[in-house]
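Residue numbers (our numbering): 16 to 260. Idealized CB from N, CA, C, for every residue including glycine. Notes to accompany the following structure.
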Amino acid sequence: MILFPAIDLKDGQCVRLYKGEMDQATVFNDNPAAQASAFVAQGCEWLHLVDLNGAFAGEPVNAAPVEEILKAVDVPVQLGGGIRDRATIEAWLDKGIRRVILGTIALRDPDFVREVAKSYPGQIVVGIDARGGHVAVEGWAETSEMTAIDLGRKFEDAGVGAIVYTDIDRDGTMEGLNVTGTIDLANALTIPVIASGGVASLQDLQILADAARAATGTIEGAISGRALYDGRLDIAEALTFLKGV
16 MILFPAIDLK DGQCVRLYKG EMDQATVFND NPAAQASAFV AQGCEWLHLV DLNGAFAGEP
76 VNAAPVEEIL KAVDVPVQLG GGIRDRATIE AWLDKGIRRV ILGTIALRDP DFVREVAKSY
136 PGQIVVGIDA RGGHVAVEGW AETSEMTAID LGRKFEDAGV GAIVYTDIDR DGTMEGLNVT
196 GTIDLANALT IPVIASGGVA SLQDLQILAD AARAATGTIE GAISGRALYD GRLDIAEALT
256 FLKGV
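This is the structure we're talking about:
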């Protein structure tokens, strides 16, 4: 399984939100490229980037720090936040982003997502952010009637590389992953699922790994943010453990 360190970008800085609330942002580093380099130096083999301003604006806002990160590291990077048209997708892939994460547009226009996933097999990731099991969009400001599983099923056999499943009520809280929701989604799909929201310790990853072993679906890895910045999750320990899963 892969550990994806989260670099959430707000106003050019590396921050973490609490339950997705933009007014509850803690700045952890004002140099995102330096933070990205630090994660890679500690052995991380992927990075997970989110343009938080972009998620609300519906278009890229923190392009400059993303480009600086791409210049600073040589590991694959996945990026989400405000990416809602083919031109933006193509621009980021051309600049070196390995996988583009589509969230709001996946609910608004699933046919478009299927179309671009077929154009770029394995390079489109669907971000499913859920509150109470229902999909939230527009930077988590709006909760829909669609369930995470029903949305995920729309992208079966379309060439989607993975689904990032975030439990908004756990995000930034360090209260532990929603393992049940994550496994239920993975078991309903053939697309690999990445767990996100609430990772607080190595024990959380162990609980996820134990559940994944018994699952019929695939858990590709887990995203962690605040726990890495606070030091509650030791990167070396996490990487060593996940290599064996």
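- DSSP lists Ile143 and Ala210 as the bridge partner or partners of Tyr180.
- A residue is called buried once 16 or more other Cβ atoms fall within 10 Å of its Cβ, and Pro136, having fewer, is exposed.
- Within a 10 Å sphere around the beta-carbon of Pro91 sit fewer than 16 other beta-carbons, which makes this residue exposed.
- The region 189-245 contains, as complete beta strand (DSSP E) runs of 3+ residues, the segments 208-211 and 234-239 (chain order).
- Closest option to Lys133, judged by alpha-carbon separation, among Gly176, Asp100, Asp165 and Thr103: Gly176.
- CA-CA distance, Ser211 to Leu192, rounds to 7 Å.
- Per DSSP, the continuous alpha helix (DSSP H) segment holding Gln50 begins and ends at Pro47 to Ala56.
- DSSP, reduced to helix, strand and coil, places Gly167 within a helical segment of the structure shown.
- Excluding residues up to 5 positions away in sequence, Pro20 and Leu62 lie with their Cβ nearer than 7 Å to the Cβ of Phe54 in the same chain.
- For Asp124, the three-state secondary structure derived from DSSP is coil.
- Contact between Leu200 and Glu252 fails: their C-beta atoms lie close to 27 Å from each other, not under 8 Å.
- Within the region 70-110, the complete beta strand (DSSP E) segments at least 3 residues long are 92-95, listed from N- to C-terminus.
- As DSSP reads the structure, Ile22 sits in a beta bridge with Leu64.
- Between the alpha carbons of Ala203 and Ala163 lies a gap of roughly 10 Å.
- The C-beta distance from Thr233 to Val208 rounds to 7 Å, short enough to meet the 8 Å contact threshold.
- Secondary structure of Leu248 (DSSP, three-state): coil.
- DSSP lists Tyr33 as the beta-bridge partner residues of Glu36.
- Assigned with DSSP and collapsed to three states, Ala132 falls in helix.
- CA-to-CA, the gap between Cys59 and Arg101 works out to about 29 Å.
- A residue is called buried once 16 or more other Cβ atoms fall within 10 Å of its Cβ, and Ala156, having fewer, is exposed.
- Taking the CA atoms as reference points, Thr195 sits about 34 Å from Ala48.
- The beta carbons of Arg146 and Met189 sit about 18 Å from each other, so the pair does not count as a contact at 8 Å.
- Straight through space, the alpha carbons of Thr255 and Lys25 are spaced by roughly 31 Å.
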